[in-house]
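Trainee: 1 is the number of the first residue of the sequence shown in my numbering; add one for each residue after it.
The beta carbon of each residue, even a glycine, is placed where N, CA and C say it ideally should be.
Note that the structure is a prediction, hence the values are computed from the model and not measured.
Structure below; questions to follow.
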Amino acid sequence: MTFTGFHPDAPRFYAELAENNTREWWQANKARYAETVRGPVEQLADVLGAEFGPVKIFRPHRDVRFSADKRPIKDHIGFVTTPADGTAHYGQLNEHGLMLAGGIYQPSRDQLRRFRALVDDNRLVGDLEATLDELEEHGFAIMREGALATAPRGYPREHPKIALLQLTSLAIARTHPMDDWMFGDEALGRILEGWRLVTSWNAWLIENIGPAVDPAAAR
1 MTFTGFHPDA
11 PRFYAELAEN
21 NTREWWQANK
31 ARYAETVRGP
41 VEQLADVLGA
51 EFGPVKIFRP
61 HRDVRFSADK
71 RPIKDHIGFV
81 TTPADGTAHY
91 GQLNEHGLML
101 AGGIYQPSRD
111 QLRRFRALVD
121 DNRLVGDLEA
131 TLDELEEHGF
141 AIMREGALAT
151 APRGYPREHP
161 KIALLQLTSL
171 AIARTHPMDD
181 WMFGDEALGR
191 ILEGWRLVTS
201 WNAWLIENIG
211 PAVDPAAAR
């Protein structure tokens, strides 16, 4: 398969979905989703898989069983790699643009413990900060979703690296606002560039934090 950009209808699809997120609207537009939203992403996933490993495309339906939000369809299409070392490359397209991201989204307790010990070590934290600074030059920032509101147990609230100590997810992301390049040949090169930067972050994590000793352990 070849990938020559997302379909121009994809952002329109999600803009309309935002106003009509019902099962009836979905049934009437299901074939449209398959052709103009999922179809190009399947082509992209096939190309990306050759370099980054198998890429999974998330299903469009939301799990509403335990949610107060009963909208049946997700407001985006997401795709992800799931290598054995626990790192990931992630992409997400919606009506507003394209997000490229990755890292370790749910580090185990032992991984977070090692990460925080590194942050607390003046001899080691500089390499982490330099790595994040380099990624920031390319538009990537550390994701703070789920970060603690205060210091983790055993660390003072006034710690000079408190923002890093508060992290519970070791992932980075860059969001590209909707732009014409996404619908042409330039899209693949930009996505490859972004995911290769994610690869550098994932490699840093595995080298310095290591894989989970007990992946099932809660954070």
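Using the beta-carbon count (16 or more within 10 Å), is arginine 116 buried or exposed?
Mentor: Taking the sequence shown and counting its residues from 1, one reaches residue 116 at position 116. That one is buried.
Trainee: In the DSSP assignment, find the beta strand (DSSP E) that holds glycine 102 and state where it starts and stops.
Mentor: As a working note, residue 102 is residue 102 in the sequence shown. Start and end: 97 to 104.
Trainee: Would you list the one or two residues that DSSP bridges to lysine 56?
Mentor: For the purposes of this step, residue 56 is identified with residue 56 of the sequence shown, where counting begins at 1. Partner(s): Val80.
Trainee: Reducing DSSP to helix, strand and coil, say where alanine 164 ends up.
Mentor: If you number the sequence shown from 1, residue 164 lands on position 164. With the sequence shown as reference, residue 164 is identified as leucine, and alanine is not the correct amino acid for it. Here leucine 164 sits in helix by DSSP.
Trainee: Can you give me the Cβ contacts of valine 198 inside the same chain, cut-off strictly under 6 Å, excluding the 5 residues immediately before and after it?
Mentor: Counting from 1 along the sequence shown, the entry for residue 198 is found at position 198. Result list for valine 198: His89, Gly102, in chain order.
Trainee: Work out the CA separation of alanine 173 and alanine 141 for me, nearest whole Å.
Mentor: Residue numbering aside, residue 141 sits at position 141 when the sequence shown is read from its first letter. Residue numbering aside, residue 173 sits at position 173 when the sequence shown is read from its first letter. If I take the Cα positions, the gap works out to 6 Å.
Trainee: Please say whether glycine 5 and phenylalanine 183 have beta carbons closer to each other than 7 Å?
Mentor: The residue you call residue 183 lines up with position 183 of the sequence shown. The residue you call residue 5 lines up with position 5 of the sequence shown. Yes.
Trainee: Of all the beta strand (DSSP E) runs that stay within the bounds of the stretch 115 to 199, which reach a length of 3 or more residues?
Mentor: Counting only runs of 3 or more, we get 170 to 177.
Trainee: According to the Cβ coordinates, are isoleucine 209 and glutamine 111 closer than 7 Å?
Mentor: Here residue 209 is taken as the residue at index 209 of the sequence shown, counted from 1. Here residue 111 is taken as the residue at index 111 of the sequence shown, counted from 1. A contact, by the Cβ cut-off of 7 Å.
Trainee: Following the continuous beta strand (DSSP E) through phenylalanine 90, name the residue where it begins and the one where it ends.
Mentor: The count along the sequence shown starts at 1 and reaches residue 90 at position 90. It should be noted that the sequence gives tyrosine, not phenylalanine, for residue 90. First-last of the beta strand (DSSP E) with tyrosine 90: 88 to 93.
Trainee: Hey, could you find the ends of the alpha helix (DSSP H) asparagine 20 is sitting in?
Mentor: Within the sequence shown, numbered from 1, the residue matching residue 20 stands at position 20. From DSSP, asparagine 20 is part of no alpha helix (DSSP H); its letter is neither H nor E.
Trainee: Using 8 Å as the threshold, is the stretch 64 to 80 in touch with the stretch 191 to 206, meaning 3 or more CB pairs across them?
Mentor: Flag = no, the stretch 64 to 80 and the stretch 191 to 206 do not touch.
Trainee: What does a CB cutoff of less than 7 Å around alanine 147 pick up in its chain, not counting 5 residues either side in sequence?
Mentor: Residue mapping note: residue 147 aligns to position 147 of the sequence shown, counting from 1. Cβ within range, chain order: Gln166, Leu167, Thr168.
Trainee: State the DSSP-derived secondary structure class of isoleucine 73, mapped to helix, strand or coil.
Mentor: By 1-based counting over the sequence shown, the position of residue 73 is 73. Reduced to three states, the DSSP call for isoleucine 73 is strand.
Trainee: Check whether the stretch 57 to 68 touches the stretch 3 to 20, counting contact only when three or more Cβ pairs, one atom from each stretch, lie closer than 8 Å.
Mentor: Output reads no: the stretch 3 to 20 does not touch the stretch 57 to 68.
Trainee: How about glycine 53 and proline 83: do their beta carbons lie closer than 7 Å?
Mentor: What you label residue 53 is simply residue 53 of the sequence shown in a count that begins at 1. What you label residue 83 is simply residue 83 of the sequence shown in a count that begins at 1. Contact: yes.
Trainee: Let me check understanding here. Comparing Cα to Cα, which of Pro177, Thr22, Leu124, Val47 lies closest to leucine 100?
Mentor: As a working note, residue 100 is residue 100 in the sequence shown. Of Pro177, Thr22, Leu124, Val47, the residue nearest in Cα terms is Pro177.
Trainee: One question on the structure: do alanine 151 and arginine 144 come within less than 7 Å of each other, judged by their Cβ atoms?
Mentor: Within the sequence shown, residue 151 is the residue found at index 151, counting from 1. Within the sequence shown, residue 144 is the residue found at index 144, counting from 1. Going by C-beta atoms, alanine 151 is not nearer than 7 Å to arginine 144.
Trainee: Hey, would you say valine 41 sits closer than 7 Å to phenylalanine 66, going by beta carbons?
Mentor: Reading the sequence shown from its first residue, position 41 is the one you call residue 41. Reading the sequence shown from its first residue, position 66 is the one you call residue 66. Going by C-beta atoms, valine 41 is not nearer than 7 Å to phenylalanine 66.
Trainee: Of all the options Val47, Leu135, Gly126, which has the alpha carbon lying nearest to the alpha carbon of leucine 160?
Mentor: Indexing the sequence shown from 1 puts residue 160 at position 160. Looking at the sequence provided, one finds proline at residue 160 rather than leucine. If we check each option's Cα against that of proline 160, Gly126 comes out closest.
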